[in-house]
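The opening residue of the sequence shown carries number 24 in the working numbering; numbering runs sequentially from there. Here a beta-carbon is modelled for each residue, glycine too, at the ideal position from N, C-alpha and C. Working notes, structure below.
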Amino acid sequence: MITGFFLSLDEPSYFSVQQCITQSVLPKEKYLRHINVQGEWNIFGIPRAYGLDNAKEFRSNNLQRVCEELGITISWRPVKKPQFGGHIEKLVGTCMNIVHTLPGTTFSDIKKRGEYNSDKFSIMTLNELEQWYAIYIVNFYHKNLHSGIRMTPEKKYEQGIFGDDDNPGRGLPEKIDDEETFKISLLPTEERTIQQSGVKIDKIQYYSDSLRRWIKAKNQDKSARKFIFKRDPRDISTIWFYDPDIKQYFPVPYRNITYPPISIWELRHVRKYLDDKNIQDYDENILFRTYEKMQKMQEEAALKTKSARRKQAAKKARKEKQDFDNLKPKNKPQYIEEKETNSDNNLDDMFKDIQPFDEIDI
Numbered sequence: 024m025i026t027g028f029f030l031s032l033d034e035p036s037y038f039s040v041q042q043c044i045t046q047s048v049l050p051k052e053k054y055l056r057h058i059n060v061q062g063e064w065n066i067f068g069i070p071r072a073y074g075l076d077n078a079k080e081f082r083s084n085n086l087q088r089v090c091e092e093l094g095i096t097i098s099w100r101p102v103k104k105p106q107f108g109g110h111i112e113k114l115v116g117t118c119m120n121i122v123h124t125l126p127g128t129t130f131s132d133i134k135k136r137g138e139y140n141s142d143k144f145s146i147m148t149l150n151e152l153e154q155w156y157a158i159y160i161v162n163f164y165h166k167n168l169h170s171g172i173r174m175t176p177e178k179k180y181e182q183g184i185f186g187d188d189d190n191p192g193r194g195l196p197e198k199i200d201d202e203e204t205f206k207i208s209l210l211p212t213e214e215r216t217i218q219q220s221g222v223k224i225d226k227i228q229y230y231s232d233s234l235r236r237w238i239k240a241k242n243q244d245k246s247a248r249k250f251i252f253k254r255d256p257r258d259i260s261t262i263w264f265y266d267p268d269i270k271q272y273f274p275v276p277y278r279n280i281t282y283p284p285i286s287i288w289e290l291r292h293v294r295k296y297l298d299d300k301n302i303q304d305y306d307e308n309i310l311f312r313t314y315e316k317m318q319k320m321q322e323e324a325a326l327k328t329k330s331a332r333r334k335q336a337a338k339k340a341r342k343e344k345q346d347f348d349n350l351k352p353k354n355k356p357q358y359i360e361e362k363e364t365n366s367d368n369n370l371d372d373m374f375k376d377i378q379p380f381d382e383i384d385i
């Protein structure tokens with residue numbers, strides 16, 4: 024059985040792994056309704072172990088921490104021993120063979136592609152491809168005879184859960200009671216001290232009343248105490264503070280909530296632009312002013328270039344996924360007025376040769 028998948032226009036990262044884990048562990052009924060797919064996908068629960076290759080997105084502290092918290096054992100594939108991952112490689116090959124029959128395929132290599140114009144014949148949006156792939160998994164792959172196990176994947180899974188005449192089943196796994204907290208707990212982790220002005224991550228200041236009692240907190244050895252914060256890379260306008268006493272996550276918005284929501288990818292583009300300009304001593308005001316200028320350029324370029332349209336499509340896909348996850352604060356944060364700084368002046372010179380996001384190499 025395929026436990027879950029994640030399609031994206033972004034490069035592989037811990038976030039894409041986290042999205043796969045989330046879909047794998049949680050029940051799928053809500054997801055299938057969301058993408059309008061008829062069928063059953065009855066696999067869920069926290070696994071006992073993951074078999075992973077050595078890709079960098081798996082070698083992350085975030086993934087190690089998540090597996091430790093969930094009690095999941097990691098079994099690493101020996102380096103340069105692809106036979107240890109034969110089952111997943113075969114599955115990927117099977118799926119890609121089907122994908123390459125779709126109009127607009129880029130094929131598996133340039134020789135097979137030949138003179139075929141993939142752009143001209145492509146017909147699916149990313150959302151439509153996701154829906155198509157879910158239909159394939161739920162209504163075809165899981166229900167067709169698998170030569171290696173001599174039964175359907177769905178039947179093999181049921182056999183493992185409920186047992187048969189020869190072997191006892193392991194039983195149905197427990198369901199996650201609080202799906203929202205589970206999703207937040209899987210997000211990338213940042214550890215920070217809490218100061219009078221709140222918390223600063225990547226030069227951006229965050230604040231909420233939930234931080235007050237922990238301002239300038241100390242460890243027993245008098246060192247500054249660090250706390251766990253979770254950040255959704257699709258929208259970093261709100262982070263999630265884990266209160267160690269209450270054992271609960273609380274949303275913490277920008278200190279200046281007039282700033283626009285941005286993704287971690289957009290933030291990296293902005294910071295790289297500023298670094299390339301050798302602008303080191305900048306504050307969050309300059310950062311967001313730069314973002315707004317670059318965003319305007321991106322929107323204009325999207326009318327002209329394919330790469331810019333791809334950036335816009337990736338941004339839209341991230342937003343739609345985030346809306347489905349529904350990881351948003353329930354109450355509107357209060358605005359904390361910021362004092363005008365000298366950085367508000369003389370910004371025009373810095374922006375005179377600014378480029379849209381897709382023109383910057385990172």
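Enumerate in chain order the residues of its own chain whose CB-to-CB distance from residue 150 is below 8 Å, with the five nearest sequence positions on each side excluded.
-> 58, 340 and 343
Flag this pair as yes or no: are the beta carbons of residue 46 and residue 28 separated by less than 8 Å?
-> Result yes, Cβ atoms of residue 46 and residue 28 sit closer than 8 Å.
Taking all protein chains shown into account, do 16 or more other C-beta atoms lie within 10 angstroms of the C-beta of residue 221, making it buried, or fewer, making it exposed?
-> buried
Counting pairs of beta carbons, one from the segment 149–168 and one from the segment 59–77, are three or more of them closer than 8 Å?
-> yes
Do you know whose CA, among 347, 317, 48 and 66, lies nearest residue 182's CA?
-> Among 347, 317, 48 and 66, the Cα nearest to that of residue 182 belongs to 66.
Given a threshold of 16 other Cβ atoms within 10 Å of its Cβ, counted over all protein chains shown, does residue 246 qualify as buried or as exposed?
-> exposed
What separation, rounded to the nearest whole angstrom, lies between the Cα atoms of residue 385 and residue 295?
-> The pLDDT assigned to residue 385 is 44, lower than 50, so where the model puts this residue is not dependable; a value taken from the coordinates is nonetheless given after this. When rounded, the distance between both Cα atoms is 7 Å.
Tell me which same chain residues have a C-beta within less than 7 Å of the C-beta of residue 196, skipping the five on either side of it?
-> 67, 68 and 69
Residue 264 burial status per 10 Å Cβ neighbour count (16 or more: buried) = buried
Output yes or no for whether 8 Å exceeds the beta carbon distance between residue 100 and residue 137.
-> No; because the gap between Cβ atoms is not below 8 Å, this pair is not in contact.
Drop a sphere of 10 angstroms on the beta-carbon of residue 185, count the other beta-carbons inside from all chains shown, and report buried for 16 or more, exposed for fewer.
-> exposed
Inter-residue Cα distance where the pair is residue 36 and residue 80 | 5 Å
By the 10 Å Cβ neighbour count, where 16 or more other Cβ atoms means buried, how is residue 324 classified, buried or exposed?
-> buried
Regarding residue 220 and the ligand HEM, is the C-beta to nearest heavy atom distance less than 7 Å?
-> Only the bare structure without any ligand can be found here, which leaves the ligand HEM out of the picture.
Could you pull out every unbroken beta strand (DSSP E) segment of at least 3 residues lying fully inside the segment 256–281, listed in chain order?
-> Those beta strand (DSSP E) runs which fall completely within the segment 256–281 and span 3+ residues are 261–266 and 271–276.
Distance, Cα to Cα, residue 94 vs residue 322?
-> 45 Å
State the DSSP-derived secondary structure class of residue 98, mapped to helix, strand or coil.
-> It is a strand residue.
Counting along the chain, where does the alpha helix (DSSP H) carrying residue 215 start and finish?
-> Counting along the chain, residue 215 falls outside any alpha helix (DSSP H), though it belongs to the beta strand (DSSP E) covering 212–215.
Give, in chain order, every unbroken run of the alpha helix (DSSP H) that is at least 4 residues long and sits entirely within the segment 114–181.
-> Runs of the alpha helix (DSSP H) inside the segment 114–181: 133–136, 141–144 and 149–162.
Name the DSSP bridge partner or partners of residue 230?
-> Per DSSP, none; premise fails for residue 230.
What is the DSSP secondary structure of residue 318, reduced to helix, strand or coil?
-> The answer is helix: DSSP assigns residue 318 an H, G or I state.
Measuring alpha carbon to alpha carbon, tell me which of 306, 50, 180 and 92 ends up nearest residue 225.
-> The residue with the shortest Cα to Cα distance from residue 225 is 306.
If you check the beta carbons only, do residue 317 and residue 177 fall under 8 Å apart?
-> In terms of Cβ geometry, residue 317 and residue 177 do not form a close pair [threshold 8 Å].
Considering only the beta carbon of each residue, do residue 276 and residue 231 sit closer than 8 Å?
-> yes
May I have a chain-ordered list of the beta strand (DSSP E) segments no shorter than 3 residues that lie completely inside the segment 54–94?
-> 72–75
What whole-angstrom Cβ distance do residue 154 and residue 255 have, given they're in contact under 8 Å?
-> Taking C-beta atoms under 8 Å as the contact rule, residue 154 and residue 255 fail to qualify, at a distance of about 23 Å.
Take residue 33 and list the residues in its own chain whose beta-carbon comes closer than 8 Å to its own, dropping the five residues that flank it on each side.
-> 39, 288, 337 and 341
Taking residue 267 as the reference, give the member of 191, 50 and 214 with the closest Cα.
-> Ranking 191, 50 and 214 by Cα distance to residue 267 puts 214 first.
Looking only at its own chain, which residues have a Cβ that is under 6 Å from the Cβ of residue 26, when we skip the five neighbours before and after it?
-> 47 and 66
Residues bridged to residue 221 by DSSP?
-> 218
Whose C-beta lies closer than 7 Å to the C-beta of residue 199 among residues of the same chain, with five residues either side of it excluded?
-> Within the same chain, Cβ atoms closer than 7 Å to the Cβ of residue 199 are found at 48, 49 and 205, the five residues on either side in sequence being excluded.
N-terminal and C-terminal residue of the alpha helix (DSSP H) that residue 291 is part of | 287–299
Please say whether residue 239 and residue 218 have beta carbons closer to each other than 8 Å?
-> yes
Spatial neighbours of residue 78 in its chain, beta-carbon cut-off 8 Å, leaving aside the 5 residues before and after | 35
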